[in-house]
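Here's the structure, in structure tokens; my notes come after.
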Amino acid sequence: MKSKRAVPAVTSLPQSPQAEGDHRVRRYALTMTIRIICFGLMVFVQPYGWYTWIFAIAAAVLPYIAVVFANAGSDSTETTAESPTLEIDAPRPFIAPLDDAGPAVFRIDESRRDES
């Protein structure tokens, strides 16, 4: 007899490789854009001072940081798939206590009138 395989729920599956690759490219492009801005600030901001060295160090270090972040996976932990066949016990419904006088009930009787 074959054992029944647990079907994973869509919400517990990891991110698709295409979506993860797009995320990495966007992160790399953002980091390199910041590097270009730092390089431009280093060259064009006058007079030169201590902040010029900060911009230069950032422009030199950011390519390494961009590559490391782009190559690092977004989530290195293993995800376990949840089976949608498992049921969760629902909470008991709240039933309000009845008053001693009882609930107010309106009764409407309708009858057809034949007019002759």
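The number in the numbering used here is simply the position in the sequence shown, starting from 1, with 746 added.
Glycine included, every Cβ here is placed at the ideal spot set by N, Cα and C.
Asked: Top-ranked residue by Cα proximity to Ile-811, from Glu-766, Tyr-794 and Arg-773; Found: Arg-773
Asked: Neighbourhood of Asp-855 by C-beta, 7 Å cutoff - its chain only, sequence neighbours within 5 removed; Found: none
Asked: Residue of Pro-793, Ala-805, Gln-764 and Thr-777 minimising C-alpha distance to Cys-784; Found: Ala-805
Asked: Reference Thr-779, options Phe-840, Val-814, Leu-808 and Arg-838, closest by Cα; Found: Leu-808
Asked: For Gln-764 and Pro-793, the rounded distance between their alpha carbons; Found: 46 Å
Asked: Neighbour-count burial assignment, Phe-801, 16 or more Cβ in a 10 Å radius; Found: buried
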